[in-house]
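K.L.:
Per this note's numbering, the very first residue in the sequence shown carries number 1; after that it's consecutive. Don't be surprised by glycine CBs; every beta carbon is placed ideally from N, CA and C. What you are looking at is a predicted structure, and each value in this text was computed from that prediction instead of being measured.
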Amino acid sequence: MRTFLLIFFSLISIHSVALSGYEEAVDFAKKKDYKQSIAEFIKVAKESDDEELKSKSMFNVAVMYENGMGVPRNPSLALIWYQSSAEKNNKIAQYNLGWMYYHGDSVEKDYFRAFRYYEQSANQGYVKAQFNLANLYFSGLGTTKDFVQAYKWFKICSSGGVEESRQYLNFLSTKISAEEVIMAEQLVDNWMKEFRTK
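1. On the three-pair Cβ rule with 8 Å, is the region 122-131 touching the region 77-97?
2. Measuring alpha carbon to alpha carbon, tell me which residue in Gln130, Glu23 and Lys175 is nearest Phe195.
3. Determine the DSSP secondary structure at Tyr168, reduced to helix, strand or coil.
4. I need the DSSP call for Ala178, collapsed to helix, strand or coil.
5. Applying the 10 Å Cβ sphere with the 16-neighbour rule, what's the burial state of Ile182?
6. Of all the options Glu40, Phe59 and Glu119, which has the alpha carbon lying nearest to the alpha carbon of Trp191?
7. Since Ala45 contacts Ser37 with CB under 8 Å, what's their CB separation in whole angstroms?
8. Among Gly161, Met69, Ala178 and Val162, whose alpha-carbon lies nearest the alpha-carbon of Val207?
9. Below 7 Å CB to CB, which residues in the same chain sit around Phe112 once its five sequence neighbours on both sides are set aside?
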């Protein structure tokens, strides 16, 4: 029993140290001491056993390199840190990578990679990624043009409050058959059920 308690308290203290390091980094950022902030975020990103804190820290390091906060602006390092965070399922890092590849922002324009990152983020419920993914299906950039999939994603982000998607839904309703609308609605229902169970 004693060994268990010792291990349990050790695990709690390790988590607390990582959390306090993350909180310190956030506090430094709030005080606009970005040099200290990025140093703490890097430490947590490299040393934490908490995957969520690690991912958030990696994301924050990426943002700081992208914007030159506490370090010289370095889009290449930002890309690396975004990729590390995205690999740990950070939906906003995935979205930012999609944006970078779609627009050729600090990377070579690559619609296929943009599609992949937007899809990963969209499937985690990030509305901005859902809207951009719908547009890629609508336009056929990075994937095969697919109005049924476009309808699905516009409908999902419409329920997330994106007003502009309603215009696309109205337009798509005139371009696909009634059967395809029913199919798209079923895809929406299936996605919503699956998303709620995650």
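P.N.:
So, from the listed chains and residues:
1. As far as the Cβ criterion goes, the region 122-131 touches the region 77-97, which means the pair count is three or higher.
2. It is Gln130.
3. helix
4. helix
5. Label assigned to Ile182: exposed.
6. Taking only the C-alpha atoms, the option nearest Trp191 is Glu119.
7. That pair is no contact at about 12 Å.
8. This structure does not reach residue 207, given that the chain is present from 1 up to 198, and the question cannot be answered.
9. Within its own chain, the residues whose Cβ lies closer than 7 Å to the Cβ of Phe112, once the five positions on either side in sequence are excluded, are Gly142, listed in chain order.
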